[in-house]
Amino acid sequence: MDNLMIFSLVYFVLFTVAVNCLPEPFVEVLVDRYHVPKVCPREVQNEDFIRFHFNGTLFTDGTKFDSSHDRGRDFISQVGLGKLIAGMDRGIQGMCVNERRRITVPPHLGYGSVGTGGVIPPDAVLVYDILLLDVWNTEDKVEIRTISKPAGCNRAAVASDFLRYHYNGTLLNGDAFDSSHSKNATYDTYLGQGHIIQGMDEGLLGMCIGERRIIIIPPFLAYGENGYGSLVPPQATLVFEVLLVDMFNPKDDMKIEVKEVPKGCTRRTVVGDYIRYHYNGTFQDGTAFDSSYKRNSTYNTYIGKGYVIQGIDKALQGLCMGEKRRVTVPPHMAYGEKGVGDLIPGSAVLVFDIHVIDFHNPEDPVKIKVTHKSQDCGETSEANDLIQYRYNCSLMDGTLLYSSDHYDSPSTTTLGRNNVIYGLEEGLSGMCVGEKREVIVPPHLGHGEAGAVGVPSSAVLFFELELMDLQKGVPEGFMFMWLGDSPDPLFPAMDLNGNQEVPLEEFSSFIMNQVKEGKGRLRPGVDANAVIQEMFSNQDSNGDGKIIGDELKQTDEASEKRKRDEL
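Residue numbering for the sequence shown follows the UniProt record's numbering, beginning at 1 and increasing consecutively.
So this is what it looks like as structure tokens:
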């Protein structure tokens with residue numbers, strides 16, 4: 001077979017195929033759905049409005065006669081009411097957004113035997129390559145699809161609420177036009193006041209904090225025929241994926257939810273009290289913004305003095321020690337529209353989980369509760385007494401700070417010598433051996449604002465005390481005291497052998513006899529021999545190792561004022 005014969009056969013086949021591409025006679029629209037999206041929630045029907053891109057060509061030679069792409073804008077029309085050529089009206093039926101179709105229109109369903117003024121010739125078969133961008137109907141309403149909703153939603157958004165929400169905004173075909181996430185800030189607005197498009201005002205109603213929604217808004221409830229700048233084209237359906245972060249109403253008061261109240265609460269906080277508390281601060285969506293626990297230190301303040309935000313100042317009243325509360329504070333009782341730098345956004349509702357560690361009033365005294373006392377309680381502790389006692393020292397939340405049990409023996413101190421904090425001194429006074437007490441010491445009678453090693457600033461202290469031993473003391477500066485009247489005259493009583501002189505041994509015997517007979521008392525907690533030696537030296541004015549009558553003086557002859565002399 002020669003080359004001419006081969007060429008003739010190929011031409012015949014191609015001609016036959018071309019002729020047979022169109023049925024005889026060609027009377028119906030041909031639709032080639034060459035790209036159909038996997039998900040098609042809605043198909044075009046009569047009276048729907050559509051927004052689409054197209055390229056229009058002649059079937060015979062592929063000549064382009066029109067294109068929305070060349071115009072630089074999509075095409076908008078209504079289906080089934082004769083606003084499009086009949087072939088297009090039929091060919092678009094059942095189409096999905098993002099679907100691509102090739103629609104071939106015969107002349108009698110296109111521009112017929114007349115054509116269109118030189119652009120489309122008479123009896124032309126037309127081919128439209130279409131991408132559907134949008135579809136809506138005048139009967140459409142705002143469509144809401146809930147993606148997720150927190151359990152236990154106890155408040156839903158209503159008109160006049162102020163909302164803070166994140167959103168991603170797309171057109172119906174998925175093209176993004178705006179996002180709050182890209183701005184790293186929520187969109188904040190009042191609901192139902194006309195500050196946002198009508199469809200969004202409707203779509204946000206009934207939302208809970210933490211809820212996610214898809215809100216689909218038809219054009220006439222969005223930006224309508226005008227669109228919105230270069231972001232939203234005219235007559236565009238809008239799709240918003242919304243996360244509600246926060247909401248409040250200008251009429252809201254702070255809200256208190258009591259979580260735990262210790263048993264036996266005998267006192268609650270009032271204005272003027274000084275309080276120490278721990279807290280976790282979060283937004284309503286659970287995002288943390290601050291915590292005293294992270295600083296390992298309580299927050300300390302006076303109540304009702306304006307040192308903290310209004311909502312907390314109010315919520316701190318009426319609390320018990322150890323109580324736990326959740327306090328929800330609207331922004332007009334917190335940091336308002338300005339917020340706090342990058343920490344707290346404007347108009348944010350704040351949630352505080354509060355645990356009261358302790359509180360006191362600057363006028364508070366030491367509180368003493370006797371938990372055990374024997375019926376035959378004899379002598380009681382007072383200033384200058386040497387005592388031995390057991391103790392546990394804790395914060396009011398039960399945190400143990402110190403304990404005498406951590407040492408080999410109970411603690412020992414002399415009362416009235418400023419050896420312990422004033423509140424503990426008071427708590428140890430008036431006790432008899434074996435007595436047990438619980439003592440609460442406010443900070444101004446404890447370690448004050450400065451605190452101490454292991455003791456926080458302004459901490460109220462709780463002591464559990466037990467008096468183990470009591471040795472009655474002598475006045476400060478004295479080494480010996482008479483428990484009644486001293487012998488008169490004194491020197492002859494001291495001069496046991498009557499030789500008119502008293503050496504150390506004789507002096508020591510005399511003093512020890514007075515102690516033994518209960519007539520006198522040596523300074524406790526100090527070696528008796530050392531005390532007596534010092535007493536003797538004070539009387540032996542010439543240092544000759546003996547006391548004579550002239551050396552034994554009980555007054556200062558110059559001033560006639562009694563010296564602090566034990567004898």
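Backbone N, C-alpha and C fix where the C-beta goes; we use that ideal spot for every residue, glycine too.
Which residue marks the beginning of the alpha helix (DSSP H) containing R417, and which one marks its end? Working through the sequence shown from its first residue, we reach residue 417 at position 417. That residue, R417, is in no alpha helix (DSSP H); it is neither H nor E in DSSP.
So for G272, helix, strand or coil by DSSP? In the sequence shown, residue 272 corresponds to position 272, counting from 1. G272 falls in the coil class under three-state DSSP.
Do S429 and P443 have their CB atoms nearer than 8 Å? Taking the first residue of the sequence shown as position 1, residue 429 is located at position 429. Taking the first residue of the sequence shown as position 1, residue 443 is located at position 443. No; because the gap between Cβ atoms is not below 8 Å, this pair is not in contact.
Run through DSSP, which three-state label would M95 get? To locate residue 95, count along the sequence shown from 1; it is residue 95. Coil at M95, not helix or strand.
With a threshold of 8 Å on Cβ separation, who are the neighbours of G454 within its own chain once the five nearest residues in sequence on each side are excluded? As a first step, residue 454 is located in the sequence shown; it is residue number 454 there, counting from the start. Counting only Cβ-Cβ distances below 8 Å, and skipping sequence neighbours, we find L401 and Y402.
Nearest to V44 by CA position, among V135, F65 and Y128, is which residue? Along the sequence shown, read from residue 1 onward, the residue named residue 44 stands at position 44. The shortest Cα separation from V44 among V135, F65 and Y128 belongs to V135.
What are the residues that DSSP puts in a beta bridge with N56? The residue labelled residue 56 in the question sits at position 56 within the sequence shown. First, the residue type needs correcting, since residue 56 is Gly and not Asn in the sequence shown. Paired residues: D66 and Y128.
So, at 8 Å on beta carbons, what are the nonlocal neighbours of T186 in its own chain, with the 5 sequence-adjacent residues on each side left out? Counting from 1 along the sequence shown, the entry for residue 186 is found at position 186. The answer, listed in chain order, is R164, Y165, H166, S180, V245, D246 and P345.
Quick one: complete beta strand (DSSP E) runs, 3+ long, within the stretch 144-199? 162-171, 176-179 and 187-190
How is the alpha helix (DSSP H) around M512 delimited, first residue to last? For the purposes of this step, residue 512 is identified with residue 512 of the sequence shown, where counting begins at 1. First-last of the alpha helix (DSSP H) with M512: L504 to K516.
Using CA atoms only, rank isn't needed, just tell me which of G318, V142, N184 and G227 is closest to V239. Within the sequence shown, residue 239 is the residue found at index 239, counting from 1. The option with the nearest alpha carbon to V239 is V142.
DSSP has N280 in a bridge; who is on the other side? Counting from 1 along the sequence shown, the entry for residue 280 is found at position 280. Its beta-bridge partners are S291 and D353.
Sort out for me which residues DSSP pairs M247 with in a bridge. Taking the first residue of the sequence shown as 1, we reach residue 247 at position 247. According to DSSP, M247 bridges with L163.
Flag this pair as touching only if the stretch 289-307 and the stretch 214-231 have three or more C-beta atom pairs under 8 Å; answer yes or no. no
Could you tell me if G91 is buried or exposed, where buried requires 16 or more neighbouring beta carbons within 10 angstroms of its beta carbon? Position 91 of the sequence shown, counted from the first residue, corresponds to residue 91. G91 comes out buried.
Which class does H35 belong to by DSSP, given the choice of helix, strand or coil? Translated into the one-based positions of the sequence shown, residue 35 becomes position 35. It is a strand residue.
Could you tell me which of Q514, A530, L350 and V439 sits nearest to I368, measuring between CA atoms? Taking the first residue of the sequence shown as position 1, residue 368 is located at position 368. Selected option, being the one with the closest Cα: V439.
Where P23 falls, given that 16 or more other Cβ within 10 Å makes a residue buried: For the purposes of this step, residue 23 is identified with residue 23 of the sequence shown, where counting begins at 1. Note that P23 scores 49 on pLDDT, short of 50, meaning its location in the model is unreliable; the coordinates nonetheless yield the value given after this. With fewer than 16 other Cβ atoms within 10 Å, it is exposed.
Taking M481 as the reference, which of Y302, D385 and D188 has the closest Cα? Along the sequence shown, one-based indexing puts residue 481 at 481. Nearest of Y302, D385 and D188 to M481, Cα basis: D385.
Using the C-alpha atoms, what's the distance from G545 back to L552? Here residue 552 refers to the residue found at position 552 when the sequence shown is read from its first residue. Here residue 545 refers to the residue found at position 545 when the sequence shown is read from its first residue. Computed Cα separation, rounded: 14 Å.
For I532 and Q500, the rounded distance between their alpha carbons: Indexing the sequence shown from 1 puts residue 500 at position 500. Indexing the sequence shown from 1 puts residue 532 at position 532. Computed Cα separation, rounded: 20 Å.
Residues of its chain near G549, where Cβ-Cβ distance is below 6 Å and the 5 sequence neighbours each way are ignored: Your numbering for residue 549 matches position 549 in the sequence shown. Closer than 6 Å at the Cβ level, and outside the excluded window around G549, lie F491.
Here's a check: name, in chain order, each residue in its chain whose Cβ is nearer than 6 Å to the Cβ of G434, leaving out the five neighbours to either side. Counting from 1 along the sequence shown, the entry for residue 434 is found at position 434. Within the same chain, G434 has close Cβ partners S374.
Determine the closest residue to I103 out of K38, D188 and N55, with distance taken between C-alpha atoms. Start at 1 with the first residue of the sequence shown, and residue 103 comes out as number 103. Taking only the C-alpha atoms, the option nearest I103 is N55.
Leaving aside the five residues before and after S541 along the sequence, list all residues of the same chain whose C-beta is less than 7 Å from its C-beta, in chain order. For the purposes of this step, residue 541 is identified with residue 541 of the sequence shown, where counting begins at 1. Cβ neighbours of S541 beyond the five flanking positions: E551.
For I309, does the three-state DSSP call read helix, strand or coil? Position 309 of the sequence shown, counted from the start, is the residue given in the question as residue 309. In the structure shown, I309 sits in coil (DSSP, three-state: anything other than H, G, I, E or B).
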